[in-house]
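First residue of the sequence shown? That's 24 in the working numbering, and the numbers climb one at a time after it.
These notes concern the structure reproduced below.
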Amino acid sequence: MGQLYGPALVQGRAATSLKLRAADALDRVAGRHDPLVPPRRLQFVGEGDFVATGDEFLGHLVELAGLEPGSDVLDVGCGIGRMARPLAGYLTTGGYSGFDVNEMAIRWCREHYPAGFRFEVADLHNARYHPSGRQSARQYRFPYADDSFDVVLMASVVTHLLEPEADRYLAEARRVLRPGGRLLATFFLLDGGSRAALQAGRAALAFRPGGGPVAVADPDLPEEAVAYDVAWVRERVDVRSIDPGAWRGEPFGARSFQDLVVACA
Ligand SMILES: C[S@@+](CC[C@H](N)C(=O)[O-])C[C@H]1O[C@@H](n2cnc3c(N)ncnc32)[C@H](O)[C@@H]1O
């Protein structure tokens, strides 16, 4: 399909925006409006149903990462609250902190969540999500003290980080987790199964693994999708379980689209 440029592009965007606004208006009329669901035009965090994906991950957090209503949770790369929304109905004495490079998303969350939910902006460069970011994520220190959280979530975040940044983020996740705490992170893992699926053209993303531990789907925009060798991950965190995702082209029985990795502090 050819790309649209100039007036056609503007018209195309206006038509899409109108459609999204109409769908939001329909929700309001039908009484389906949830104040923690942002308007569709602000939902930049991926395809799929915003509410269903958040609900799905609440289930993973409880079943795989031992989340309890009293847990303190860190949501790394929290976006516009897709994971925070179900947590708002689940956490009781527990606390929620999230940070992201997208200032608009953090502003929206701050305006819509209760005070106990804390959101921070990190002005970090990411070619896909924040090309004008002024700092590198490679040396970023998460703005929390050591041993602050029972659960750290990285949902579809490491899949957009290059190797030095992903390395740093896994180390920081370990630092802020309490002893006994759990990290739940999604990955595109390179292992025997996924390499075979990639070779057979069955996988949903066309990673081109070379000899190294990292592969990208689009060399022109590597942060669009980054895959890591499973051994690289195991060298950095104490992996407790791996649930292979549907991206490998064998969707039956997969818990999620991406691979789910649970690790302990
Ligand atoms: C696919 S979205 C997922 C958002 C959220 N975790 C969710 O599942 O709804 C990827 C997110 O990572 C954020 N991001 C990219 N680079 C980041 C970085 N270095 N630190 C924190 N967040 C980052 C993006 O702004 C975006 O919100």
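Every residue gets a Cβ at the ideal spot worked out from N, C-alpha and C, and that includes glycine.
For residue j and residue i, the rounded distance between their alpha carbons
| i | j | result |
| --- | --- | --- |
| histidine 56 | glycine 233 | 47 angstroms |
| glutamate 134 | cysteine 101 | 15 angstroms |
| alanine 223 | serine 217 | 10 angstroms |
| aspartate 123 | valine 175 | 14 angstroms |
| isoleucine 265 | arginine 151 | 27 angstroms |
| histidine 153 | leucine 147 | 7 angstroms |
| aspartate 47 | cysteine 132 | 18 angstroms |
| leucine 97 | glycine 121 | 6 angstroms |
| glycine 89 | arginine 201 | 13 angstroms |
| phenylalanine 142 | leucine 87 | 24 angstroms |
| valine 60 | tyrosine 113 | 16 angstroms |
| valine 284 | arginine 51 | 37 angstroms |
| glycine 276 | aspartate 252 | 22 angstroms |
| glycine 54 | alanine 220 | 44 angstroms |
| leucine 184 | isoleucine 103 | 18 angstroms |
| alanine 288 | serine 40 | 43 angstroms |
| arginine 257 | leucine 49 | 47 angstroms |
| methionine 24 | leucine 244 | Residue confidence for methionine 24 is low, a pLDDT of 31 falling below 50, so the modelled location carries little weight and cannot support an answer. |
| leucine 27 | aspartate 241 | Its pLDDT being 43, under 50, leucine 27 is placed unreliably in this model, and the coordinates cannot settle the point. |
| asparagine 149 | phenylalanine 165 | 16 angstroms |
| alanine 75 | glycine 93 | 23 angstroms |
| alanine 111 | glycine 69 | 21 angstroms |
| valine 290 | aspartate 72 | Residue 290 is absent from the structure shown; the chain starts at 24 and stops at 288. |
Which listed residue (the options) has its alpha carbon closest to that of residue i
| i | options | result |
| --- | --- | --- |
| alanine 178 | Tyr192, Arg51, Asp146 | Tyr192 |
| alanine 168 | Pro58, Asp95, Phe210 | Asp95 |
| lysine 42 | Arg63, Ser217, Arg51 | Arg63 |
| phenylalanine 140 | Leu185, Leu213, Ala107, Ala220 | Ala107 |
| isoleucine 129 | Gln162, Ser171, Phe67 | Phe67 |
| arginine 44 | Asp78, Trp255, Leu65 | Leu65 |
| phenylalanine 280 | Arg263, Asp252, Val253, Phe210 | Phe210 |
| arginine 259 | Val239, Ala46, Ala208 | Ala208 |
| aspartate 170 | Ala219, Val144, Leu97, Arg198 | Arg198 |
| aspartate 78 | Ala288, Arg105, Asp50, Gly276 | Arg105 |
| glutamate 246 | Thr182, Val52, Ala277, Pro274 | Thr182 |
| tryptophan 270 | Arg164, Leu228, Asn149 | Leu228 |
| tyrosine 136 | Thr76, Asp252, Pro58, Val52 | Pro58 |
| glutamate 195 | Gly203, Phe172, Gly215 | Phe172 |
| aspartate 282 | Phe80, Ala75, Val74 | Phe80 |
| alanine 250 | Val180, Glu273, Pro274 | Val180 |
| aspartate 261 | Gly215, Gly203, Gly272, Glu273 | Gly203 |
Enclosing beta strand (DSSP E) for residue i [first to last residue]
| i | result |
| --- | --- |
| tyrosine 136 | That residue, tyrosine 136, is in no beta strand (DSSP E); it is neither H nor E in DSSP. |
| alanine 208 | 200 to 210 |
| leucine 176 | 172 to 177 |
| alanine 238 | 237 to 239 |
| alanine 4 | No statement about residue 4 is possible, as the shown extent of the chain runs from 24 to 288 and does not include it. |
| phenylalanine 122 | 119 to 123 |
| leucine 228 | It is not in any beta strand (DSSP E) - leucine 228 carries neither H nor E in the DSSP assignment. |
| valine 96 | 96 to 99 |
Extent of the continuous alpha helix (DSSP H) run through residue i
| i | result |
| --- | --- |
| phenylalanine 80 | 73 to 88 |
| arginine 218 | 215 to 223 |
| arginine 263 | Segment 261 to 266 is the beta strand (DSSP E) holding arginine 263; no alpha helix (DSSP H) there. |
| alanine 248 | From DSSP, alanine 248 is part of no alpha helix (DSSP H); its letter is neither H nor E. |
| leucine 185 | Per DSSP, leucine 185 belongs to no alpha helix (DSSP H) and is neither H nor E. |
| leucine 110 | 107 to 111 |
CB-CB length for residue i against residue j, believed under 8 angstroms
| i | j | result |
| --- | --- | --- |
| alanine 248 | valine 239 | 7 angstroms |
| alanine 286 | leucine 213 | That belief does not hold up - the Cβ atoms of alanine 286 and leucine 213 are roughly 17 angstroms apart, past 8 angstroms. |
| tryptophan 255 | proline 267 | Contact doesn't hold; Cβ gap of about 17 angstroms is too wide. |
| arginine 278 | histidine 83 | 7 angstroms |
| glutamate 126 | valine 144 | 5 angstroms |
Inset, instruction - For the region 115 to 125 and the region 221 to 235, state whether three or more C-beta atom pairs, one from each stretch, are separated by less than 8 angstroms. - result: No, the region 115 to 125 is not in contact with the region 221 to 235.
Legend entry - Stretch-stretch touch, CB-based, cutoff 8 angstroms, three pairs: the region 154 to 168 with the region 180 to 194: The answer is yes - the region 180 to 194 touches the region 154 to 168, with three or more Cβ pairs under 8 angstroms.
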